[in-house]
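Peer 1:
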Amino acid sequence: MGPHRASFFNADRPPLVQGYLAPGHTPQPLEHTTRPSPHNASLKWVFFALLLIPLFFRAEGVFGEEVGEALHQKLDQELRDLRTTIKGYSFKCYGAASKLVGPDALATTCTIPSRFAGDGDSTLWNGLLCFTGKEPWACDAVRDSQTTDGRIWRSPRRKLSENDGNDYPQASFSRDMSRGVMLYLLRTGDTVVADQWSAYISRTGAFCPDQQDWSCDVRTQSYRRMNHVMETIGATRLVFAYTVFPCLWPAYPLTSAMHETMMERRVRENESFHLHLAAIDLLMDSYLTDPMYDAKTRHAMVEILFQRKPYNLFYQYLAQGPTIDLKRRILRYAPRSRPQFLSQWVWERELPQAYLDLSGNPEPGSEKEEEAFLRFIATESMGWDFVFLIDLVEGGRPEHR
28 MGPHRASFFN ADRPPLVQGY LAPGHTPQPL EHTTRPSPHN ASLKWVFFAL
78 LLIPLFFRAE GVFGEEVGEA LHQKLDQELR DLRTTIKGYS FKCYGAASKL
128 VGPDALATTC TIPSRFAGDG DSTLWNGLLC FTGKEPWACD AVRDSQTTDG
178 RIWRSPRRKL SENDGNDYPQ ASFSRDMSRG VMLYLLRTGD TVVADQWSAY
228 ISRTGAFCPD QQDWSCDVRT QSYRRMNHVM ETIGATRLVF AYTVFPCLWP
278 AYPLTSAMHE TMMERRVREN ESFHLHLAAI DLLMDSYLTD PMYDAKTRHA
328 MVEILFQRKP YNLFYQYLAQ GPTIDLKRRI LRYAPRSRPQ FLSQWVWERE
378 LPQAYLDLSG NPEPGSEKEE EAFLRFIATE SMGWDFVFLI DLVEGGRPEH
428 R
């Protein structure tokens with residue numbers, strides 16, 4: 028595994044500002060016996076009170092910070108305990124976070140080939156878990172999905188089985204999975220994996236040779252983002268020397284403005300996993316040496332995500348950071364016992380109609396909609412979706428984003 032870059036999640040917290048009280052005032056003896064004017068005495072008290080007001084609010088603010096910090100610490104401990112519980116029932120296949128699709132026997136056997144193993148998106152999930160800096164095994168799972176020719180597969184198991192014989196009705200990789208690799212690279216700075224992957228894509232002109240549903244194509248947005256990641260970690264850029272891509276070079280400088288316009292459209296119009304992919308792109312962006320969006324634009328877009336899907340706690344994190352409210356919502360949403368089906372990374376899904384029906388087809392943003400989402404989580408969350416979110420917020424404070 029390549030050299031590791033400095034962690035961007037472990038910045039020292041600035042110390043709390045320490046409050047202070049005004050020094051006491053020792054009365055001095057009167058030098059004469061003239062009785063002071065009541066009017067002048069009143070003015071002195073008013074003046075003295077005005078001097079104390081800033082000190083009062085300063086002390087009150089520090090007190091509030093101390094209470095808030097104590098509450099953060101309490102919630103963080105509860106989140107750590109909850110994470111241990113969730114990890115206890117979540118499923119791994121060949122060391123990689125996976126869904127469990129099919130009989131429970133797969134939890135111990137995870138056979139090859141096995142089309143019941145829900146590892147089709149494992150490289151994305153493990154990249155997200157790796158990115159938090161708290162799940163090193165997930166980083167290993169991404170690295171272990173690469174073959175010696177530089178090609179990366181959907182999971183370590185699918186690498187070994189060659190996508191279950193390469194007749195599986197799903198391409199062996201995709202642009203979605205590439206985001207998991209980019210997250211891994213940003214976390215680890217692994218230039219060995221990056222250079223081999225870049226060389227494979229530049230040599231073949233695609234993520235993978237199988238072309239079901241065009242998933243293996245490297246499109247302009249992917250190309251630009253991947254090269255920004257490569258530049259950030261000091262790896263070799265992608266170069267499409269043997270494909271039709273060079274014919275687009277004259278227009279390439281225009282794609283930057285197009286990219287921002289397309290992203291704004293994605294966050295306003297996309298649904299389901301397409302919207303989740305936009306969220307991941309925004310999550311990565313601020314960690315690029317040369318971000319694709321300025322901070323103001325990026326913040327406006329994540330605000331739209333959260334406004335559209337207020338029940339999605341991942342979008343809340345992007346919009347607000349690791350707030351007390353978000354930590355409380357995670358503790359309220361997350362399943363304490365294993366869901367019946369460990370089948371969904373819930374942050375990438377729309378609310379299924381069946382759960383909306385049970386809540387009376389509620390209005391968007393209503394408490395009933397949140398109730399429907401809680402039913403969905405309790406039945407279908409794969410567990411790793413909550414481990415990821417807990418990893419993002421545990422120990423964090425809003426000012427540390």
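Residue 28 is where the sequence shown starts when you use our numbering, and the numbers rise one by one after that.
In this text, a Cβ means the ideal position worked out from N, Cα and C, and glycines have one as well.
These figures come from a predicted structure and were not determined experimentally.
1) Curious, which full-length beta strand (DSSP E) runs of at least 3 residues does the region 349 to 401 contain?
2) Alpha carbon to alpha carbon, what distance is there between A346 and R295?
3) Is it buried or exposed for W152, if we count other Cβ within 10 angstroms and need 16 for buried?
4) Are the region 315 to 329 and the region 381 to 397 touching by the rule of at least three beta carbon pairs closer than 8 Å?
5) In whole angstroms, what is the alpha-carbon distance linking D146 and Y344?
6) Within 10 angstroms of its Cβ, does D418 collect 16 or more other Cβ (buried), or is it exposed?
7) With distances taken from CA atoms, which of I307, P391 and L369 is nearest L127?
8) Can you list, in chain order, the residues of its chain whose CB lies under 8 Å from that of D317, leaving out five sequence neighbours each side?
9) Just the C-alpha distance for R359 and E398, rounded to the nearest angstrom, thanks.
10) Please return the same chain residues whose Cβ sits closer than 7 Å to the Cβ of R107, not counting the five positions on each side in sequence.
11) Could you have a look at K186 and say whether DSSP puts it in helix, strand or coil?
12) For N190, count neighbouring Cβ atoms within 10 angstroms of its own Cβ and tell me buried if that reaches 16, exposed if not.
13) For E96, count the other beta carbons within 10 Å of its own beta carbon; 16 or more makes it buried, fewer makes it exposed. Which is it?
14) Let's see if you can read the secondary structure: which residues bound the alpha helix (DSSP H) around S117?
15) Please go through the same chain and pick out, in chain order, the residues whose beta-carbon is closer than 7 Å to the beta-carbon of A361, but skip the five residues on each side of it.
16) Can you list, in chain order, the residues of its chain with a C-beta nearer than 7 Å to that of K336? Leave out the 5 residues immediately preceding and following it.
17) If you scan the region 292 to 339 from start to end, which runs of the beta strand (DSSP E) of 3 or more residues do you find wholly inside it?
18) Where does A97 fall in DSSP's three states?
19) What residues in its chain sit with their C-beta under 7 Å from that of Q367, if we drop five residues either side in the sequence?
20) To the nearest angstrom, how far is it from the Cα of N429 to the Cα of Y338?
21) Measuring alpha carbon to alpha carbon, tell me which of G160, W164 and A123 ends up nearest D148.
Peer 2: Reading it off the structure:
1) none
2) Locating residue 295 in the sequence shown gives position 268, where the first residue counts as 1. Locating residue 346 in the sequence shown gives position 319, where the first residue counts as 1. The straight-line gap from Cα to Cα measures roughly 15 Å.
3) Residue 152 sits at position 125 when you count from the first residue of the sequence shown. Counting Cβ neighbours within 10 Å, W152 comes out buried, since at least 16 surround it.
4) no
5) Position 119 of the sequence shown, counted from the start, is the residue given in the question as residue 146. Position 317 of the sequence shown, counted from the start, is the residue given in the question as residue 344. Whole-angstrom Cα-Cα distance: 26 Å.
6) Residue mapping note: residue 418 aligns to position 391 of the sequence shown, counting from 1. So D418 counts as buried.
7) Translated into positions along the sequence shown, residue 127 becomes position 100. Looking at the Cα atoms, L369 is the closest of the given residues.
8) Taking the first residue of the sequence shown as 1, we reach residue 317 at position 290. H255, E258 and T259, listed in sequence order.
9) Within the sequence shown, the letter at position 332 stands for residue 359. Within the sequence shown, the letter at position 371 stands for residue 398. Looking at the two C-alpha atoms, the distance is approximately 11 Å.
10) Taking the first residue of the sequence shown as position 1, residue 107 is located at position 80. Correct list, in chain order: E421.
11) Taking the sequence shown and counting its residues from 1, the one referred to as residue 186 is at position 159. Helix, per DSSP.
12) Counting from 1 along the sequence shown, the entry for residue 190 is found at position 163. That one is buried.
13) The residue you call residue 96 lines up with position 69 of the sequence shown. That one is exposed.
14) Position 90 of the sequence shown, counted from the start, is the residue given in the question as residue 117. Where S117 is concerned, there is no enclosing alpha helix (DSSP H), given that its DSSP letter is neither H nor E.
15) Numbered from its first residue, the sequence shown carries residue 361 at position 334. Closer than 7 Å at the Cβ level, and outside the excluded window around A361, lie L109, I113 and F413.
16) On the sequence shown, position 309 is the one that residue 336 refers to. Only Y342 meet the Cβ criterion.
17) none
18) Start at 1 with the first residue of the sequence shown, and residue 97 comes out as number 70. A97 falls in the helix class under three-state DSSP.
19) Looking up residue 367 in the sequence shown gives position 340. The answer, listed in chain order, is T406.
20) Because residue 429 is not part of the residues shown, which for the chain are 28 to 428, the question remains open.
21) In the sequence shown, residue 148 corresponds to position 121, counting from 1. Ranking the options by Cα distance to D148, first place goes to A123.
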